[in-house]
Structure formats: structure tokens, C-alpha cells
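In the numbering used here, the protein residues as written are 718 to 1143. Have a look at the structure below, then the notes.
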């Protein structure tokens, strides 16, 4: 794709910057932005400039200028990525953000926002609130046990100087913490815990982990499967996923689940025609929510990334066209974009995500052209847990975005360093 010849080059992206500025380089390189899309040679008098490293078979000489690899450098890495990686958001790192904004974004970015087109787009108001809850004693005891173990493992990596070498496992520890806040079942009855014969945050993953989100790979089977036919199924329903690993006679709800139920009941009382979208990072949590909502007599459908196109369309049509279907459960990664759900006016975000842009995109599934009701979005967070720190990290990422894409360089002065240490500190 980079080698395609074209007179004009365009990149269309809703989130050009998500977690690390290095992610921008592929866009910069494709657009061939001068000078940051190119590699240069720092040998005196050498004018070598190329879009990629090109050396001989022994990797000793540049095919263009004959100088060695150590003489060559990426302008984007030198001016932007390396200073930010080394100094964070202060000093030379902050200057690198200024360079990114002025030399890259200001010269190449066309940004259209709702605010900029307010006169053309008449949308109802949007209210986003943060609902903070406290875990009960049993839930907090479980969370603290997971947190203490995770913090000890994290400290061991720091002491050994192998933190970055175990990045995936660090995210696995964080995932266990986040899941334990949603519901202890997500940790106690995960596939990994069952395979290892116990609950808690396993030290070594034994189940497949998604390399994108570091979440357990989900089962492709449906939530329920008919048990009729031969073999003694008796025509019953066999639960799949996490519900199939639970003793449903002993099922217990969680603080977050009951907070959502209160919201749904209040929504129905205020407007019997209202519909809601419920987002979560974790498919297993959506399974638990589906069971709890159905038990309350509320008709609910669920959308996740493992569905076929036909099944996906069936779920969406049911939510849009069936008056009785009041709630749709959606995996944030599967349904945060490319959906138009203006039939809903209430959005519930059950767990905070690292990148606040993902949450805003999820809310905008309902707050868009065609929406005629005021939008109410609720972000659930639990006090005295890792979720509060994730919210603070979201604020930092928002400042990074505003300081580059959004244009407010002054916002960068409010940022600090070492986010991972922050998440695991006492």
C-alpha cells in the first residue's frame, strides 16, 4: 500500500491517536508527509532521504548512500516518539508533542467536529454522568485479594527490571482486577480458573488471550443451546459460556449489576417507550447481565463480535423494530463504531476503557442525526478500585488528544509519567 503511486493521498480516521503516538507513523508514512515520513543519513554532507531502510544483504551499507545503519535515523522517531518515550509529557517530551501538533497535524489534519457544525446539525442535548458506587464487604475482600497478588507480581517485575518484557502479563493482571470489580464470577469462573482448579488471578495464562485487548478469547458457541434429542438432554436448555460454569441456583448479583437494574427501572418508569444500550468490555459480563435483566422480566438482546452477519442484523432489527425489546447489550470493541442506534436514548457504560475516545464513540451510536430525544449516558465506576485510576488515565489521554489533535498545547502541562506504576501504587 505504501508503494502505490497517487497524485493525492487521504487517510480517514475517527481516532488517529489512541494510546501511543508511535501509532501515527503508519498514517504519516502513507501520506508521505515531509520530513517526518522519511529516514535520513546523519553522515556529514550526505543528502540521503528514503521512505524505508534499504541496506545490502549484510546489512552494512545503505543502497542509496553507502553509509552504515547507525548513521541513519527516522525523523519521526527522533523528533516525536523517542523524546516522548524517554521524558513522558514534560521537558523534551512536551516539546515533542508541540512538534507533533505544529509539524504534522497543523499541516495535514482536517478535523470536523459536532461543535464546528452545530448550526447544520441540530441534535438534542447529551448529558454524561459518572455514577460512583462502593463494593459490598464480600466483593471488596475478593478485590483486595486480587489486587494484593497483582501488586506483588508487578513489584517483582519492577525490581527485576523486566516490566516492559512482561507487558502482556501486566495487562492480564489489570484485566483480572477490572473483571473482579464488575463481578467476582468473571475471575472465579473464567475458563482459566476452571482449568487450573481454582479462582483468582492466575499467574500464568492457560487460556487464549486476545493480543489486542488482553481479554480471554471468547467461546464461539451461543449462550444457550437446546438439549433435546438423544443422550438424555430431556429437552432442557444447556447454558453456554460463563453461565454454563455456574451453579445458577446459587447465583448472586453484583454491585454494578444492581446499579444498572436501578437505572433500567427508573428509565422505564420515566418513559415506558425508552430504550437503552449497555456497553461492556467483557463478553462474559454481558452474559451475566443478560441473565439478570431477563430475570427481571425485561426483554433484552445481545450483540458481540462473534456473531454472523445474519445474526447481527437480526439482533439490531429486533432492538429497533420491536417495541417490547428495551435493552441491547453490546461489547464495546464490537459495537462502539459503525452502528446507528438512535432508537435508544439511554447509554450505560459498565466499565471504563483505557481510551476515552472509545467511550465517546459508543455514546455517539445514539447521539447522532435522527435522534430526537435527549441523551443520557451513565459511566459506572467503583470507588477505591483500579477503575478510579483508569478514569484519571482517561483524563490524561484526553489531554494528550487535546494537546495534539484538538489543538490545546497548554493541556499537556497537566500530564505526568509512568501510568503503569500509577495503576499499581498503594
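Ideal Cβ placement from N, Cα and C applies to all residues, glycine included. Quick caveat, the model's predicted, so the values are computed rather than measured.
Reducing DSSP to helix, strand and coil, say where residue 726 ends up.
coil
Is it buried or exposed for residue 1087, if we count other Cβ within 10 angstroms and need 16 for buried?
exposed
Could you tell me which residues DSSP pairs with residue 850 in its beta bridges?
1099
Every unbroken alpha helix (DSSP H) inside the region 1039-1089 [4 residues or more]
1049-1052, 1073-1080
Pick out whichever of 875, 1109, 849 has its Cα sitting closest to the Cα of residue 977.
849
Here's the rule: buried if 16 or more other CB atoms are within 10 angstroms of the residue's CB, otherwise exposed. What is residue 1004?
buried
Which class does residue 839 belong to by DSSP, given the choice of helix, strand or coil?
Reduced to three states, the DSSP call for residue 839 is coil.
Hey, would you say residue 1071 sits closer than 9 Å to residue 1046, going by beta carbons?
no
Completely contained alpha helix (DSSP H) runs for the region 991-1026, where each covers 4 or more residues
1000-1012
With DSSP run on the structure shown, which of helix, strand or coil describes residue 864?
In this structure, residue 864 counts as helix in the three-state DSSP scheme.
For a test of the three-state rule: what should DSSP assign to residue 756, helix, strand or coil?
strand
Where residue 1102 falls, given that 16 or more other Cβ within 10 Å makes a residue buried:
buried
On the DSSP bridge list, what partners appear for residue 791?
756
Below 9 Å between beta carbons: does that hold for residue 1061 and residue 992?
yes
What three-state label does DSSP hand residue 1113 in the structure shown?
helix
Check the C-beta distance from residue 902 over to residue 959 and give it rounded, since I have them as a contact under 8 Å.
7 Å
Spell out the partners DSSP gives residue 844 in its beta bridges.
1093
Could you give the C-beta distance for residue 752 and residue 792, rounded to a whole number, given that I count them as a contact under 8 Å?
About 5 Å; that satisfies the 8 Å criterion.
For residue 1106 and residue 873, the rounded distance between their alpha carbons:
Near 21 Å, if we compare the C-alpha coordinates of residue 1106 and residue 873.
Let me check one thing: in DSSP terms, what residues is residue 803 bridge-paired to?
Bridge pairing for residue 803: absent [DSSP].
Helix, strand or coil for residue 822? Go by DSSP, reduced to three states.
helix
Going by Cα to Cα distance, which pick from 766, 974, 1080, 878 is closest to residue 750?
Comparing Cα-Cα distances from residue 750 to each of 766, 974, 1080, 878, the minimum goes to 766.
Whole angstroms are fine: how far does the CA of residue 768 sit from the CA of residue 905?
50 Å
With DSSP collapsed to three states, give me the class of residue 1037.
helix
Kindly indicate the opening and closing residues of the alpha helix (DSSP H) around residue 879.
Segment: none, residue 879 is in no alpha helix (DSSP H) and carries neither H nor E.
Using a 10 Å radius around the Cβ and a threshold of 16 neighbouring Cβ atoms, would you call residue 775 buried or exposed?
exposed
With distances taken Cα to Cα, identify the nearest neighbour of residue 798 among 1018, 1114, 868, 741.
741
Could you have a look at residue 968 and say whether DSSP puts it in helix, strand or coil?
coil
Between the C-alpha atoms of residue 1023 and residue 737, what's the straight-line distance to the nearest angstrom?
Answer to the nearest angstrom: the Cα atoms are 28 Å apart.
In whole angstroms, give me the CA-to-CA distance for residue 771 and residue 778.
Residue 771 and residue 778: Cα-Cα distance of roughly 8 Å.
So for residue 766, helix, strand or coil by DSSP?
strand
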